[in-house]
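To start, the structure itself, in structure tokens.
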Amino acid sequence: MSQKIVRVGDIECGSDELFLISGPCVIEDEKIMMTVAEQLREIQERVGIKIIYKSSFQKDNRSSLNYYNGPGIDKGMKILAKVKEQFGFPLLTDVHYPDQCAPVAEVVDVLQIPAYLCMQTMLVVAAANTGKVVNIKHGQFLAPENMKHPVKKVEDSGNDQIILTERGYTFGYNDLVVDPRSFYHMARTNYPVVFDVTHAIRKYGIPSADAKGGAREYLPVLARAGVAAGVDGLFVETHTCPSEALCDAASQLDIRYLEEFLKPLLELHAVEVKYRNTLPELA
Numbered sequence: 002m003s004q005k006i007v008r009v010g011d012i013e014c015g016s017d018e019l020f021l022i023s024g025p026c027v028i029e030d031e032k033i034m035m036t037v038a039e040q041l042r043e044i045q046e047r048v049g050i051k052i053i054y055k056s057s058f059q060k061d062n063r064s065s066l067n068y069y070n071g072p073g074i075d076k077g078m079k080i081l082a083k084v085k086e087q088f089g090f091p092l093l094t095d096v097h098y099p100d101q102c103a104p105v106a107e108v109v110d111v112l113q114i115p116a117y118l119c120m121q122t123m124l125v126v127a128a129a130n131t132g133k134v135v136n137i138k139h140g141q142f143l144a145p146e147n148m149k150h151p152v153k154k155v156e157d158s159g160n161d162q163i164i165l166t167e168r169g170y171t172f173g174y175n176d177l178v179v180d181p182r183s184f185y186h187m188a189r190t191n192y193p194v195v196f197d198v199t200h201a202i203r204k205y206g207i208p209s210a211d212a213k214g215g216a217r218e219y220l221p222v223l224a225r226a227g228v229a230a231g232v233d234g235l236f237v238e239t240h241t242c243p244s245e246a247l248c249d250a251a252s253q254l255d256i257r258y259l260e261e262f263l264k265p266l267l268e269l270h271a272v273e274v275k276y277r278n279t280l281p282e283l284a
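In terms of the working numbering, the sequence shown has 203 at position 202, counting the first letter as 1, and numbering is strictly consecutive.
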């Protein structure tokens, strides 16, 4: 879909090979983190999809001070480093403040700008200045063609290692909708485009610990639509027991189902790649 190839470890993001960003929403205890990593490695080997391991050391957008927001940068980076050392995955995690970027970049391969923060100049520039790949999540409030603005901030900082991630738009009250036109507009930046399907099914205003806080029934149809539209990668948060997850319990996918979830998507991707260059530009 994109023209720019962005390398993350041994993954060529933006090539004809679909890739996956996956892992628990937030870093929990080490046992859960390592168990998910082990199962992801097995899935990677069986189905042949390359994986970037994702988990957040901090979730700074929780709706209550009483909700778990992660172990913090020091403990979180140690756990992620252990995942990388033991399983070999490239790593992705969120940064929320400019002073987090440099220490996080010592461990991870991709610094992720949260959707709410995609227009925060100092944060975006600090992430760009690390020289690492920057994954900018599309703000729920922003027209997709306007993602060119945070992209330009990264480029003007001397970094062209950029990935863009769609995660749905705020639509009405407390709901998100995915507009496939966003994949088209974001791809016109020429950078790889990822579809964050698990965050797209969250129900705002309902705690994620409540089963009504997500709509997992939409995961297959949304993922298949995104792959058919030509996205370069998928973002699927996974957990060994989502109902007990400390964040996004209602939207993470049980890792037991991930392999079967991916199989039709890989087949659809092969069809999309086969035909992606057969039509002229219709505009």
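All C-beta atoms in this analysis are idealised placements derived from N, C-alpha and C, irrespective of residue type, glycine included.
By Cβ distance below 8 Å, which residues in the same chain neighbour residue i in space, the five residues on each side in sequence not counted?
i    : result
N175 : K204, Y205, G206, I207
P151 : I114, C119, M120, V125, I137
V285 : Given a span of 2 to 284 for the chain in the structure shown, any question on residue 285 remains unanswerable.
C102 : V96, L112, L124, A127, A128, N130, T131
H270 : L19, V228
A224 : F196, V198, L235, V237, F262, L266
Check the DSSP bridge columns for residue i and list the partner residues they point to.
i    : result
H186 : Partner(s): none; H186 has no beta bridge.
R361 : This structure cannot speak to residue 361, because the chain is shown only from 2 to 284.
E167 : F196
F20  : K51, G234
I12  : V9
T122 : Partner(s): none; T122 has no beta bridge.
L92  : Y54
Q113 : D95, N136
L177 : T171
D255 : H240
For residue i, which option in the options has the closest C-alpha, if you only look at C-alpha atoms?
i    : options                : result
K149 : A116, A188, V134       : A188
D100 : D110, A116, I256, M123 : M123
G24  : E13, N130, K85         : K85
L247 : C26, S64, V194         : C26
N62  : Q87, E39, E46, H97     : H97
I44  : R277, E261, K275       : E261
R42  : P91, H139, I6          : P91
F184 : L235, T94, G89, V37    : L235
Y69  : P181, A210, N130       : A210
Y117 : E167, H240, P104       : E167
E46  : K5, K76, F88           : F88
E238 : K76, V48, T94          : T94
A144 : R182, N130, P281       : R182
E18  : L283, T279, A284, V272 : V272
D110 : Y54, F142, G214, N160  : Y54
F142 : H270, N130, V105, D180 : D180
V48  : P281, A284, K275, L259 : L259
Below 6 Å CB to CB, which residues in the same chain sit around residue i once its five sequence neighbours on both sides are set aside?
i    : result
K51  : I12, F20
G140 : A116, C119
V274 : D17
A212 : A251
G214 : K204, I207, P208, A251
Quick one: residues in its chain with C-beta nearer than 7 Å to the C-beta of residue i, no 5 flanking neighbours on either side, listed in chain order?
i    : result
S244 : A250
E146 : H186
P72  : I28, F58
K40  : According to the sequence shown, residue 40 is Gln rather than Lys. Once the five neighbours on either side are set aside, the close Cβ partners of Q40 are I256.
A82  : V108
V232 : M2, F184, V194, V195, F196
A106 : L112, T131, K133
Assuming residue i contacts residue j (C-beta within less than 8 Å), just tell me the rounded distance between them.
i    : j    : result
Q59  : I74  : 7 Å
G10  : P193 : G10 to P193, Cβ: 14 Å. No contact.
I22  : V198 : So it is not a contact: roughly 11 Å between Cβ atoms.
L112 : K133 : 5 Å
S56  : M34  : 7 Å
I163 : V7   : 7 Å
K5   : N160 : The pair is not a contact, with the Cβ atoms about 12 Å apart (cut-off 8 Å).
V37  : H240 : 7 Å
Hey, is the segment 215-224 in contact with the segment 248-255, meaning 3+ C-beta pairs nearer than 8 Å? They touch, by the three-pair rule.
Under 8 Å, with one C-beta from each stretch per pair, do the segment 154-170 and the segment 23-33 reach the 3-pair mark? The answer is no - the segment 23-33 does not touch the segment 154-170, with fewer than three Cβ pairs under 8 Å.
Would you call the segment 264-278 and the segment 227-235 in contact, with 3 or more CB pairs under 8 Å? Taking 8 Å as the limit for Cβ pairs, the verdict is that the segment 227-235 does touch the segment 264-278.
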